[in-house]
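Residue numbers (our numbering), protein chains in the order written: chain A, 4 to 245; chain B, 308 to 840.
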Amino acid sequence: MLNIDVRYQWFNQHGVDFEADYQAQLSPGLTTLLGASGEGKSTLLHLIGGFLQGSGCIQYLSQNLMTLAPYQRPVTTLFQSDNLFPQLSVWQNVGLGLATNLKLNPVQKKAVSWALERTQLTSMQAKKPEALSGGQAQRVAIARAIARAVVEQEEERKPILLLDEPFSALDPSLRAQMLMLVAELTQQLALTTLIVSHLPDEAKMVGGKLLLIEQGNVVLHDNVSILDQAENVPALTRYLNL
Amino acid sequence: MRLVFFGSMFVINMLPAMLIILVFSVVGIASFTALLLFQDLSNWYQVLSSRYIWRLLNFSLWQALLSSTLSLLIAIPVTSALMHRRFKGRDFLLQLFSISLVVPTIVAILGIVVVYGRSGWVTGVSGVELPLYGLFGILLAHVFFNMPLAVRILIQAHGLIPAGQWRLSYQLGFSRWNLFRWVEWPYLRKALPGAFLLIFMLCFSSFAVVLTLGGGPKSSTLEVAIYQALRYEFDIAKASVLSLLQVFVCTLVAFLVYRFASVYQQDFSLKRLDSFPVKDSLKARCFDLCFLCLALLILLPPFIAILTPIFSPLFITTLWQENTWLALWVSIKIAFPSAVLSLVIAMAFVVMARACMDKPGWSWLPNKLEYMGGMILVLPSLVMATGLFLLLRNLGVAAFDLAYWVVVWVNAIMALPFVLRVILPTFYQQEKRYRKLYQSLGIRGVARFRLEWPMVRQAVAQACAYALLLSLGDMSVIALFGSQGLTSLPLYLFQLIGSYRIEQGACIAVILVLLCFVLFSLCSRVIGGKRNA
């Protein structure tokens, strides 16, 4: 269970410009973060990932994450772009997620191979990212994320997966494939996955939960199926302009 | 098409610019031809078969290789440490790096002599006498000048690392070493060949350093040999052969520089902060500290040495001497006209280039201009001066009567690449953005200049300041053409170092540095306007 109770303030020259205040409890499984642009979806992801410092508490399995550096948190974030080091091969890019000096022990090597296999990248493991298509590149990032999520030592494991619209640059059918892959892996590996999206249809497609953000607040947290009765939910009618 | 280009109105408008460029080109080509005319085959054979030349060439290449390698070896960890750590005095260190790029060569040499020389600080403290005169001194001075240059180039390359890579490294928890290995090194590596070749070329054609610290014919370079052939042996044929040899090697190196040097972003800010903190360790801290201290140790003592004489009574005495004021006057008399000349020639190029921008078939020219300006660096100033000297002699003019104008001209030309580099982007941008507006409103000539001036004056001020500083610090052309009545501050300083009057030299160095500072700020204020002050 991931407990979120965190605030973040933006400042301008007159003082506090805008304050976000997020409260939610996420259970393992897939959750889609919806909301218009500028409402604070990515901010929440960055707060959980540790790239922004807010106040309050983020708890995972009774451990407070707020005081930890990003690399100490049980979290892997996938960004819109720049998830790979172009100077390293696919295999190395995945391996770095387990040992930053790339000196992998046999177990870790096996984990890399397994992750590449699960993402159908085994044949490309020696290639450099520039030789990959956009979808393949993001699959490498997913491979790294799942390799990190199944590490044997519990304190090293990263079972929370945050996706900040990582597939927005892909064409619709490929995007659907990638989302289905993430959904499948989330279920099989019991991950806690948060996906930022601006397409309600994507949320419907992958299922799971839905979190609607409005002006830095969580205004709705429910099953995705609620989208089918959107006209009865004020927050959704505002968001969808119904 | 060409007819349109050379339409009569166009020619009249462009006439002043064309004339200036014509004079510039004719003088350049004629000087080079004069240099070539002094060649004959037997001469070449004689020079190439002498062991002296081969030793000269050998030493020139060897010291350049060592200097550039050392500079880069220190610059890589220093760059990395500077970009990672935020500490008190970091801005000061960055300032120190930029200052050492503009401080006049001879002044810095003096600082090095005061610190490491026979009766210098190091000897005074430790009792060990360092073999300053020879390879050691040359390397020390070259590292002093070029390590900061290397750091600046590498910082630019470092800035090209996408923010996303830092974020990702932060997420994965890279240690300091792994961060360097996986992220920084691949980017820095790309900048290394260009930086290496540039520094190699600068060291290969280094003049003042080798002349002052070389300490004899054993450690001499081609550039110094040209000077000696002209100044002491009056052997023009030999100087001519040596000059061509020099140009040949420099062209070869320059060709390689342009092959390998990658294009860098303009207007790069040193203070940009987009990196995330690294996972730190004691070892990493020590490592960074060591290299930052090393950089400080190389750079700081000579600077302190330069500035200490302000408090000595000798400084007042020196101020009262007539020679000091004469040298100061000569320096100003050279620096101002050459800066103006440099700006005028650069403006002629700018005007022509802007006119070519929308002319079909000519639009390639503006983009190549900065490149072509840079090629001037291939021609060492001594070689250029030698050519001009020979040209004027062929024309029957006693060159030493015209020494002053030769010095002014060559200084102006040497500053041209830097001036162009500063003003071209600004003027091009104005043209690209507002050309159609100006055309539609029919604003031309002076009216347009008055509208544009507020937008370009900062760039012009900076270019002018560069040109001033370069001619103020010049120690090669003036060494060749200087005489009793034409002794600039750097030359005077050189003479004082040569006669071991180091203390007095230090006072002159202070005056020269102050002059540089005053003229630089004056330039920024008067030309650059209040905003720049």
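For every residue, glycine included, the Cβ atom is placed at its ideal position computed from N, Cα and C.
- What residues from the segment 84-116 of chain A come within 7 Å of chain B, judged by C-beta to C-beta, listed N to C? SER84, ASP85, ASN86, PHE88, GLN90, LEU91, LEU99, GLY100, THR103, ASN104
- Does the separation of the CB atoms of GLN472 (chain B) and PHE88 (chain A) fall below 8 Å? yes
- Item | Rounded straight-line distance, which links the Cα of ASN365 (chain B) to that of SER476 (chain B) | 45 Å
- Message: Cutting at 7 Å between CB atoms, please list the residues of its own chain near ILE383 (chain B), excluding the five before and the five after it.
- Response: LEU461, LEU495
- Message: So, for TYR352 (chain B): in the same chain, excluding its five sequence neighbours on each side, which residues have a beta-carbon less than 8 Å away from its beta-carbon?
- Response: none
- Beta-carbon of LYS578 (chain B) versus every beta-carbon of chain A: anything under 8 Å? Its pLDDT being 36, under 50, LYS578 (chain B) is placed unreliably in this model, and the value from its coordinates should be taken loosely. Output row for LYS578 (chain B): interface = no.
- Task: Determine the direct distance from the alpha carbon of SER426 (chain B) to that of ALA768 (chain B), and round the result to whole angstroms.
- Result: 41 Å
- Minimum Cβ-Cβ distance from LYS586 (chain B) to chain A less than 8 Å: yes
- Query: Do LYS44 (chain A) and SER92 (chain A) come within 8 Å of each other at the CB atom, strictly closer than that value?
  - Reply: no
- Grouping DSSP H, G and I as helix and E and B as strand, with all else coil, what is PHE575 (chain B)? Unreliable placement is indicated for PHE575 (chain B), whose pLDDT of 38 sits below 50; the coordinate value is still reported in the next sentence. If DSSP states are grouped into helix, strand and coil, PHE575 (chain B) belongs with coil.
- Report buried or exposed for HIS17 (chain A), applying the criterion of at least 16 other Cβ atoms within 10 angstroms of its Cβ. exposed
- Would HIS49 (chain A) be called buried (16 or more neighbouring beta carbons within 10 Å of its own) or exposed? buried
- Task: Could you spell out where the beta strand (DSSP E) holding LEU213 (chain A) opens and where it closes?
- Result: 212-217
- Message: With a threshold of 8 Å between beta carbons, is PHE481 (chain B) in contact with chain A?
- Response: yes
- My guess is that PHE498 (chain B) and SER378 (chain B) are in contact by the Cβ rule of under 8 Å, so how many angstroms apart are they, rounded? In the sequence as presented, Phe is not what sits at residue 498 (chain B); that position holds Ala. That belief does not hold up - the Cβ atoms of ALA498 (chain B) and SER378 (chain B) are roughly 13 Å apart, past 8 Å.
- Task: Taking only the alpha-carbon atoms, compute the straight-line gap between THR615 (chain B) and VAL421 (chain B) and give it to the nearest angstrom.
- Result: 11 Å
- Query: Are ARG160 (chain A) and ALA152 (chain A) closer than 8 Å when you measure CB to CB?
  - Reply: yes
- Message: List, from N- to C-terminal side, the alpha helix (DSSP H) runs of 4 residues or more that fit wholly inside the segment 104-172 of chain A.
- Response: 109-121, 137-152
- Query: Taking Cβ positions, are CYS830 (chain B) and CYS771 (chain B) nearer each other than 8 Å?
  - Reply: yes
- Task: Inspect the beta-carbon positions of ILE198 (chain A) and VAL78 (chain A) and report whether they are closer than 8 Å.
- Result: no
- If we ignore side chains and look at the alpha-carbon of each, how far apart do ARG764 (chain B) and LEU215 (chain A) end up? 53 Å
- Message: Counting only Cβ pairs nearer than 9 Å, list the residues of chain B close to PHE54 (chain A).
- Response: ARG474, TYR477, GLN478, PHE583
- Query: Hey, is the segment 24-35 of chain A in contact with the segment 203-213 of chain A, meaning 3+ C-beta pairs nearer than 8 Å?
  - Reply: yes
- Task: Ignore the nearest five residues each way along the sequence and tell me which others in SER670 (chain B)'s own chain have a CB closer than 8 Å to its CB.
- Result: CYS663, MET664
- Query: Exposed or buried, what is ASP781 (chain B) when buried is set at 16 or more other beta-carbons lying within 10 Å of its beta-carbon?
  - Reply: buried
- Message: Taking CB distances under 8 Å as the criterion, tell me whether TRP489 (chain B) reaches chain A.
- Response: yes
- Range of the contiguous alpha helix (DSSP H) that encloses GLU738 (chain B): 710-748
- Answer yes or no: does any C-beta atom of chain A fall closer than 8 Å to that of PRO493 (chain B)? yes
- Quick one: which chain A residues come within Cβ less than 7 Å of PRO469 (chain B)? ASP85
- Task: Please list the partners that ASN485 (chain B) has in chain A, where partner means a Cβ-to-Cβ separation under 9 Å.
- Result: LEU99, THR103, ASN104, LEU105
- How is TYR440 (chain B) classed by DSSP in three states: helix, strand or coil? coil
- Which residue from B:PRO667, B:VAL685, B:ILE683, B:VAL714 puts its Cα closest to that of ILE641 (chain B)? B:VAL714
- Three or more C-beta pairs below 8 Å linking the segment 691-703 of chain B and the segment 748-756 of chain B: no
- Applying a beta-carbon distance threshold of less than 9 Å, which residues of chain B neighbour PHE170 (chain A)? Here the premise fails: no neighbours, minimum Cβ distance about 16 Å.
- Return the CA-CA distance between ALA660 (chain B) and ILE328 (chain B), expressed in angstroms with no decimal places. 11 Å
- Could you tell me whether any Cβ in chain C is nearer than 8 Å to the Cβ of THR80 (chain A)? In the structure shown, chain C cannot be found, because the protein chains are A and B.
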